[in-house]
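Below is one structure, written out as structure tokens; the observations come after it.
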Amino acid sequence: MAGDTQRALSDDAVELRSVVRRFVAEQMPRSVVAEWDKNNTFPREVFDRLATLGVMGLAIPEEYGGSGADIPATLMTIEELSKRSLAVAVPYIMASCYAGMTVVECGTEEQKKRWLPEIAEGRMIFAYGWTEPDVGADLASVKTTVRREGDELVVNGSKRFCTGAGLSDYIYTLAKSDPEGAKYHNLSTLVIPSNAEGVAITQIDTMGLKGTHTTDVSFTDVRIPVDNLMGGEEAWNRGWELITGSGLDIEKLEVAAMSLGIATAAYEDALAYSEEREQFGVPISKHQSIAHTLADMQVQLHASRLVLDDAAVLAGRGVQCGVETSMAKLFVTEASKTVVLNAQTIMGAYGYVKDFDCERYVRDVLVMPIIGGSSAIQRNNIHKWSRTRK
Numbered sequence: 013m014a015g016d017t018q019r020a021l022s023d024d025a026v027e028l029r030s031v032v033r034r035f036v037a038e039q040m041p042r043s044v045v046a047e048w049d050k051n052n053t054f055p056r057e058v059f060d061r062l063a064t065l066g067v068m069g070l071a072i073p074e075e076y077g078g079s080g081a082d083i084p085a086t087l088m089t090i091e092e093l094s095k096r097s098l099a100v101a102v103p104y105i106m107a108s109c110y111a112g113m114t115v116v117e118c119g120t121e122e123q124k125k126r127w128l129p130e131i132a133e134g135r136m137i138f139a140y141g142w143t144e145p146d147v148g149a150d151l152a153s154v155k156t157t158v159r160r161e162g163d164e165l166v167v168n169g170s171k172r173f174c175t176g177a178g179l180s181d182y183i184y185t186l187a188k189s190d191p192e193g194a195k196y197h198n199l200s201t202l203v204i205p206s207n208a209e210g211v212a213i214t215q216i217d218t219m220g221l222k223g224t225h226t227t228d229v230s231f232t233d234v235r236i237p238v239d240n241l242m243g244g245e246e247a248w249n250r251g252w253e254l255i256t257g258s259g260l261d262i263e264k265l266e267v268a269a270m271s272l273g274i275a276t277a278a279y280e281d282a283l284a285y286s287e288e289r290e291q292f293g294v295p296i297s298k299h300q301s302i303a304h305t306l307a308d309m310q311v312q313l314h315a316s317r318l319v320l321d322d323a324a325v326l327a328g329r330g331v332q333c334g335v336e337t338s339m340a341k342l343f344v345t346e347a348s349k350t351v352v353l354n355a356q357t358i359m360g361a362y363g364y365v366k367d368f369d370c371e372r373y374v375r376d377v378l379v380m381p382i383i384g385g386s387s388a389i390q391r392n393n394i395h396k397w398s399r400t401r402k
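Mapping of the sequence shown onto our numbering: position 161 corresponds to residue 173, and the numbering continues sequentially without gaps.
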């Protein structure tokens, strides 16, 4: 099977991969996934059953209820779920990564003890509240504000393209905490309950990512306890430092893993189709143009695996790997898009109709070079950091 060359996985993670694949086959059949996509449904009951496998705690140390910080195993789980449905894969990321990794890296000891056990059990999901109507890549220019009033923080502003806010328990929000402060030194990160008074969530209709509920979020005099300032009171005005830590690097790998999962599924479907579909008396896989396209797709998947595994190992070791994670995000998402579009071409009209999964793969993969930092931003990062390394 394509995608079985993961060299970054431990023996335990390889065994877990078999467990996750069995879960996908039994709990996420293609016909049911198609209904989730059609109806824009988040299958909470399937997510809850997934949590019983223990995968929500893969990025959480054992002392907080997790199974140890295993970045490659977390990315493997994302990839395997993404082969079948982003409606489960994205909420998994929101729990294990947006919530788990964030609190592990940025939370106070009290916050870790309060939140991590629940996250490890799959009972807590974070959404990211970073981008805004007028703020994308330049996150340090956010206009959402937070001020302190006694033991409370008061938040006002709006966020755009906030994935899964309506599914989440908390929105991890970047806000300006010192209007007069210098850029990058005037921001704080907040953990805002999604159901708090003054929070309004509106769904955005998107081409793909069905079941993940992309949203606009507005905050109107939302009050939260000071205890919900990520990193504690000493992290006031240090929000930029928190969001640009290793979590940002791993977010790039999360998107790459989703992309690779989608592309692998598309390749496998196209290969199976090409061996069954006959034209001019032979399966179309016997025609050289189709065979060569399939070969190129295999090469792109294999190269993507190597780039992603390399970055995953570095991230797992906790070493600085901004260049490698940007390379992985750039290469894997762009290669995955090419693989999926080639799969659609091989399947012809059948790759365009909703009766086949390929049409969904196309809709889902097109956003991957955009989210988590666009391909242009990754190229900027690679060029800048590579020059700095000289």
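Backbone N, C-alpha and C define an ideal beta-carbon position, used for all residues, glycine too.
Where residue i falls, given that 16 or more other Cβ within 10 Å makes a residue buried
i: SER97; result: buried
i: TYR184; result: buried
i: ILE216; result: exposed
i: THR8; result: Nothing in the structure corresponds to residue 8, since the chain is present only between 13 and 402.
i: GLY330; result: exposed
i: TYR285; result: buried
i: GLU122; result: exposed
i: PRO237; result: exposed
i: SER301; result: exposed
i: ALA355; result: buried
i: ALA307; result: exposed
i: LYS95; result: buried
i: VAL26; result: exposed
Beta-bridge pairing of residue i - partner residues as DSSP gives them
i: TYR182; result: PHE138 and PRO205
i: ILE236; result: LEU165
i: GLU144; result: VAL147
i: VAL158; result: VAL167
i: LEU199; result: LYS188
i: VAL294; result: GLN291
Residue i, DSSP secondary structure in three states
i: VAL67; result: helix
i: GLU133; result: coil
i: THR256; result: coil
i: LYS366; result: coil
i: VAL352; result: helix
i: VAL100; result: helix
i: SER79; result: coil
i: PRO55; result: coil
i: LYS341; result: helix
i: SER386; result: coil
i: GLN332; result: coil
i: VAL379; result: coil
i: SER230; result: strand
i: PRO84; result: helix
i: ALA20; result: coil
i: THR224; result: coil
i: THR114; result: helix
i: SER94; result: helix
i: GLY15; result: Because the pLDDT of GLY15 is 48, which lies under 50, any placement of that residue in the model is unreliable, and the question is left without a value.
i: ALA177; result: coil
i: ALA212; result: strand
Rounded separation between residue i and residue j - CA only
i: GLY220; j: VAL379; result: 8 Å
i: PHE343; j: VAL167; result: 38 Å
i: LEU87; j: LYS264; result: 11 Å
i: LEU62; j: ALA81; result: 18 Å
i: THR214; j: GLU57; result: 23 Å
i: THR84; j: GLY148; result: Reading off the sequence shown, one finds Pro at residue 84, where the question assumed Thr. Computed Cα separation, rounded: 28 Å.
i: PRO191; j: SER206; result: 25 Å
i: GLY112; j: LEU128; result: 6 Å
i: LEU320; j: ASP23; result: 18 Å
i: ALA303; j: ARG289; result: 13 Å
i: MET309; j: HIS299; result: 16 Å
i: SER297; j: VAL365; result: 21 Å
i: GLY15; j: ASP281; result: Note on GLY15: pLDDT 48, under 50, position unreliable in the model; no value is reported.
(Q) With three or more C-beta pairs closer than 8 Å as the rule, is the stretch 139 to 147 touching the stretch 159 to 176? (A) yes
Q) Would you call the stretch 271 to 283 and the stretch 362 to 379 in contact, with 3 or more CB pairs under 8 Å? A) With a cut-off of 8 Å on Cβ pairs, the stretch 271 to 283 is in contact with the stretch 362 to 379, counting three or more such pairs.
Q: Answer yes if the stretch 105 to 119 comes into contact with the stretch 60 to 77, meaning at least three C-beta pairs across the two stretches below 8 Å, and no otherwise.
A: yes
**Q.** Segment contact flag, the stretch 325 to 338 with the stretch 253 to 267, C-beta cutoff 8 Å, min 3 pairs
**A.** Yes: the two stretches touch, three or more of their Cβ pairs being nearer than 8 Å.
Q. Does the pairing of the stretch 344 to 352 with the stretch 306 to 314 give three or more beta-carbon distances under 8 Å?
A. yes
Q | Contact between the stretch 380 to 399 and the stretch 277 to 290 (3+ Cβ pairs under 8 Å) | A | no
Q | the stretch 68 to 76 / the stretch 29 to 37 touching (three or more Cβ pairs under 8 Å) | A | no
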